[in-house]
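**Q**
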Amino acid sequence: MDFPFELLMNAVIAGLLLGGFYAAVTAGVSISFGILDIVNIAHPAFIILGSYIAYIVNRTFGLDPILTSVVVLPAFYLLGALVYQVYHVSFEKRGDEALRGLAFFFGLLFITEVGLVLVFGVDYRYVEASYIGPSLHIGIVDLPMRMLVPCLVSLLLITVLQFFLTRTFVGRAIMAVAQDQLALRLMAADPIRIKRIAFAISIATAAVAGAFLIVIQPVEPSVGREYIGRVFAICVLGGMGSLPGTVIAAMLLGVVESITSTFYGPSWAPAVAFGVLLLTLAFRPAGLLGR
Amino acid sequence: MRSPVFFVVALAVGVLVFTACRLVHNDYVFVAGYTVVQYVVLATAWNILGGYCGYVNFGTAAFFALGAYSTVAIHKLVPLPLPLLLLVGGTVSGVVGLGTGYQTLRLRGAFFSIATLALAVVVQTLVTNWDFVGGSRGAYVLRPQTIAPLGNYVQYLFLTMLVLAVVAVTAARMIERSRLGNGFSAIRDDELAAEASGVPTLRLKLVATTLSGAFMGMAGAPFPYSVGYVDPASSFNLAYAVNSIAMPLIGGTTSWIGPLTGAILLGTIQQVATVTISSAVNLLIVGLLLVAFVIVAPNGIVGLVTAVLRRGSKP
Amino acid sequence: MTRPLLQVNNLSKRFGGFVALESIDLTVAPGERLGLIGPNGSGKSTLVNCLCGTLRNETGTVTFDGAPLEGLATHQRTRLGIARSFQLPRPFVSMTLADNIRVPLLYAGGRTKPQLGTAAIDQRCAELLGLVGLAAKAAQWPRDLTQVEMRKLELARALAADPKLLIADEAMAGLSHSEVEDILTLLVRLNENGITIILIEHIMRAVMSFSERLVVLVSGRKIADGPPLEVIADSQVERAYLGH
């Protein structure tokens, strides 16, 4: 029997492109969960919100979804700051993050999904852009533009974020805040403010990730739930808070999902991510680039 | 009040409720009542792990559906009386709870919670691909028309669920007042200090997960007979996840009264709302109430009432 | 020569690249009063965590009362007779003081005696709270306590586990002169009743008056181990810890 080399090759390439996108989706959680230790399971909800905003603007004004998301970034940043403030006052201060804090994020996830169902219904929505449709053909390999563009922009976004976290004062303060709040105070930085900025950034990334999502695939309100498993699997596998680790883990998961989907059918894809998460937690909880 | 006495009193209350419903001469009361009482069981079960131990389970639907689908599978093989079906459903879900817990309870609570989300997805995928129980197309389950000596099967289902609720609430109350309950509270407050105090935290968490899962499975077992048609969409409905979390958190998590109150209140409101408004708006309201309560009233309705009473008794 | 109560051989612990403890050897005799001192970050709390099972040491063995502690969970070690108080108090915040004491009594207090009945447990709760001077506050909540009282609750809770070895991790930090005296008197009394005590402290006056033997940790290594006056006079210790 002919080994389906071409099929495998394309599955791997598709997986890598998908992985680039997954990295953007997870970047926010790498910050909120990996660095700040906030279990924001509602992150996918913000992403879907971003997708729908991109959809509305695209339908009404014909604007490119990714550009839209950049414009909308500040609004998401403010939303993130607001959410963190509520979270901090209601749960962090009371020491109740584990039960009520978690329930809070679940509630947000739930409200967003049901709200979107009420406003938009359960039909799939999609956007139109010049790069959705055409593909680059290099030899036997197919590179769909609708996947290539988000992947490249995503890698750019992550590079910018990594630069911010390692080279700027606020960025380094964010990296430090999880480890040593006292030291941070001595450096005349308010840990709460730093955490708020970090969380706001994480939600801002969701706006862009949402645009990527609706470029790659049609979106309906319950799509967010598929991403909870992926996002936390990648975050843990990537070493909790390491952006380079996130990229590698995202690509790995993308490839595994793509191969599974190609050879065994797409209905198993959501289970793959959770399976990866459980395996990682069982055997290498520190992640691939584990500290 | 000692537990056996409480059980008898609760049973008496249940019988009273049942009799009152029979006076209405409308079967719909039993259908609506079944759902409300089912939520009493689910909320109480969730609270054993969530409220008492502090571990959040997002996968109520998985345990509930396992109970329901156990019934569907058995129904196709050999007709069993309902109480036995409850035992089977409870055992299946209890074992799955134990297994899940064993894999994940050594990790942080957050990872346990995410694993329960995973469980819901995985179980739903498995069931959807299992043709014997109907797969994605679903399965029809014909329920008996009558059953001696009660007659009406719908009323029989309601009575069964009432008894299950009495058992669940009594069990929760017993746990609260026992050594086990002390251990659970210690785990919830500070797991590290609990271990240092000699509490076998892993073992207790496994007990909580198994009990919780088992009761959820028992609540799901009669479901196929109640609705007549079972498919993954209805069994894994998001409503189960959000309600089993919202009801205890809104009612109050530290005692058995909380989930009971939350379930009766929210359950009844939802039964009314689903008929008058859409079910999506209904769920939205539950979600909003959940978020509002965890922010503003972390001790739930029970906490609010206790605070008012305490303020009232001070000069 | 009697068998040591606690025997630590070649214990090491790393966190990634950072070596927190290196080849620690320690022997504690039954009934001894051992003082453990060292600058901040020298590994004292890490050592306690390794002894209690909260952390896993990479190398070395710990033997308690003849039994190896490898692979035992913290609660099992508590039941064998090792109790600790936490440096930053960790009370059970949703329970009254009496219930805080009740937990270890229910789960570890029955080590040498058969499982106590409810009335006996209630009485023991009151006794233990009385021992640390908190009897009047039995029905109050940890959030209503002062720092000192929380420290005392920590100690009472550790005692409720009926320990052979009590590790007091900086139980006196931030206390006034008379409060320190209170705790010291209590610890001495407990020791006279047969409990071996390891006292980890920065308050030199307390450590010197309490300890029969002094161990000094610096940067994860044990640099001194002997009678207090000798250890203090050791030039290495002077340089590393006392700063002259």
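Order-wise, the sequence lines are chains A, B and C. The working numbering puts the first sequence at residues 204 to 494. The working numbering puts the second sequence at residues 11 to 325. The working numbering puts the third sequence at residues 31 to 274. Even for Gly, the Cβ is constructed at its ideal location relative to N, Cα and C.
Taking Cβ positions, are C:S124 and B:D199 nearer each other than 7 Å?
**A** It is a contact, given that the beta carbons lie within the stated cut-off.
**Q** Could you tell me whether any non-hydrogen atom of the ligand NAP is closer than 6 Å to the CB of A:V260?
**A** Looking for the ligand NAP in the displayed structure turns up nothing, as the structure carries no ligands at all.
**Q** Grouping DSSP H, G and I as helix and E and B as strand, with all else coil, what is C:H105?
**A** In this structure, C:H105 counts as helix in the three-state DSSP scheme.
**Q** Using a C-beta cutoff of 7 Å, does B:L127 count as contacting chain A?
**A** With 7 Å as the cut-off, B:L127 counts as an interface residue toward chain A.
**Q** Considering only their Cβ atoms, is the gap separating A:G283 from A:I406 smaller than 7 Å?
**A** For A:I406 and A:G283, yes; Cβs fall inside 7 Å.
**Q** Does any residue of chain B bring its CB to less than 7 Å from the CB of C:V123?
**A** Yes, C:V123 lies at the interface with chain B (some Cβ there is under 7 Å from its Cβ).
**Q** Where A:V411 and A:M443 are concerned, what is the direct C-alpha to C-alpha distance, given to the nearest angstrom?
**A** Those two C-alpha atoms are separated by around 21 Å.
**Q** Does DSSP put B:V209 in a helix, in a strand, or in coil?
**A** B:V209: coil per DSSP, three-state reduction.
**Q** Among the candidates A:I256, A:T408, A:R396, whose CA atom is the shortest distance from the CA of A:A227?
**A** The candidate whose alpha carbon is nearest that of A:A227 is A:T408.
**Q** Compare the C-beta of B:S13 with all C-beta atoms of chain F and state if any pair is closer than 7 Å.
**A** In the structure shown, chain F does not exist; the protein chains are A, B and C.
**Q** Who are the near neighbours of A:Y327 in its chain, counting only those whose CB is closer than 6 Å to its CB and skipping five residues on each side?
**A** Cβ neighbours of A:Y327 beyond the five flanking positions: P421, E423.
**Q** Under the DSSP definition of a beta bridge, which residues are partnered with B:Y239?
**A** Answer is B:Y150, bridged to B:Y239.
**Q** So that I know if they touch, is there some Cβ in chain A lying closer than 7 Å to that of B:L300?
**A** Chain A, which has a Cβ nearer than 7 Å to the Cβ of B:L300, makes this yes.
**Q** Tell me the rounded alpha-carbon separation between A:L312 and B:Y79.
**A** For A:L312 and B:Y79, the distance between alpha carbons rounds to 27 Å.
**Q** Whole angstroms is fine: what's the gap from B:V41's alpha carbon to B:V164's?
**A** Cα-Cα distance, rounded: 7 Å.
**Q** B:N57 versus chain A: which residues are under 7 Å apart at the beta carbon?
**A** Within 7 Å Cβ-Cβ: nothing; B:N57 doesn't reach chain A, min ~11 Å.
**Q** Quick check: the Cα distance between A:F236 and B:R213, rounded to an integer number of angstroms?
**A** Taking the straight line from one Cα to the other gives about 28 Å.
**Q** Along the chain, where does the beta strand (DSSP E) that runs through C:L51 open and close?
**A** Per DSSP, C:L51 belongs to the beta strand (DSSP E) from 48-58.
**Q** Interface residues of chain B around A:D299 at Cβ under 7 Å?
**A** Within chain B, the residues near A:D299 are P308.
**Q** Could you give the residue range of the alpha helix (DSSP H) that holds A:N213?
**A** Counting along the chain, the alpha helix (DSSP H) containing A:N213 begins and ends at 208-232.
**Q** Identify, in the order they occur along the chain, each residue of the same chain with its Cβ nearer than 7 Å to the Cβ of B:F121, setting aside the five sequence neighbours on each side.
**A** Once the five neighbours on either side are set aside, the close Cβ partners of B:F121 are T114.
**Q** Compile a chain-ordered list of the residues in the segment 311-339 of chain A whose CB is closer than 7 Å to at least one CB of chain B.
**A** Cβ contacts with chain B come from L311, F313, I314, V317, G318, V320, L321.
**Q** Can you pull the DSSP bridge partners for C:L252?
**A** Per the sequence shown, the amino acid found at residue 252 of chain C is Lys instead of Leu. Per DSSP, C:L247.
**Q** What is the residue span of the beta strand (DSSP E) that C:Q37 lies within?
**A** Its beta strand (DSSP E) spans residues 36-45.
**Q** Can you check whether the C-beta of B:V285 is within less than 7 Å of a C-beta belonging to chain A?
**A** Taking Cβ atoms only, chain A never reaches closer than 7 Å to B:V285, which makes this a no.
**Q** So, helix, strand or coil for A:S165, using DSSP?
**A** Outside the displayed span of chain A (204 to 494) sits residue 165 of chain A, for which this structure offers no information.
**Q** Using a C-beta to C-beta distance shorter than 7 Å, which residues of chain C count as neighbours of B:G208?
**A** What B:G208 touches in chain C: H105, T108, R109, P134, Y137, A138, A191.
**Q** Which runs of the alpha helix (DSSP H), 4 residues or longer, sit entirely within the segment 419-494 of chain A?
**A** DSSP runs (the alpha helix (DSSP H)) wholly in the segment 419-494 of chain A: 426-440, 446-467, 472-486.
**Q** At which residue ranges does the segment 208-292 of chain B contain complete alpha helix (DSSP H) runs of 4 or more residues, listed in the order of the chain?
**A** Listed in chain order, the complete alpha helix (DSSP H) runs (minimum 4 residues) inside the segment 208-292 of chain B are 211-230, 233-237, 242-245, 248-261, 267-286.
**Q** Starting from B:R198 and walking both ways along the alpha helix (DSSP H), at which residues does that stretch end?
**A** 189-199 is the span of the alpha helix (DSSP H), which, as asked, contains B:R198.
**Q** Can you grab the Cα-Cα spacing for the pair A:M204 / A:I377, in whole Å?
**A** Confidence at A:M204 is low in this model, with a pLDDT of 49, below 50, so its placement is unreliable and the value that follows should be read with caution. Spanning the two alpha carbons is a distance of roughly 55 Å.
**Q** Would you report the Cα separation of A:I256 and B:G64, rounded to the nearest angstrom?
**A** Distance between the alpha carbons of A:I256 and B:G64: 36 Å.
**Q** As a quick exercise: from B:D141, B:N292, B:V143, B:A178, pick the residue whose alpha carbon is nearest that of B:V50.
**A** Closest option to B:V50, Cα to Cα, is B:A178.
**Q** Nearest chain C C-beta to B:A203 closer than 7 Å, yes or no?
**A** Yes - at least one Cβ of chain C is within 7 Å of the one on B:A203.
**Q** Whole angstroms are fine: how far does the CA of B:T180 sit from the CA of A:I335?
**A** Whole-angstrom Cα-Cα distance: 60 Å.
**Q** If you draw a straight line from the C-alpha of B:T156 to the C-alpha of B:L167, how long is it?
**A** Rounded to whole angstroms, B:T156 to B:L167 spans 11 Å at the Cα level.
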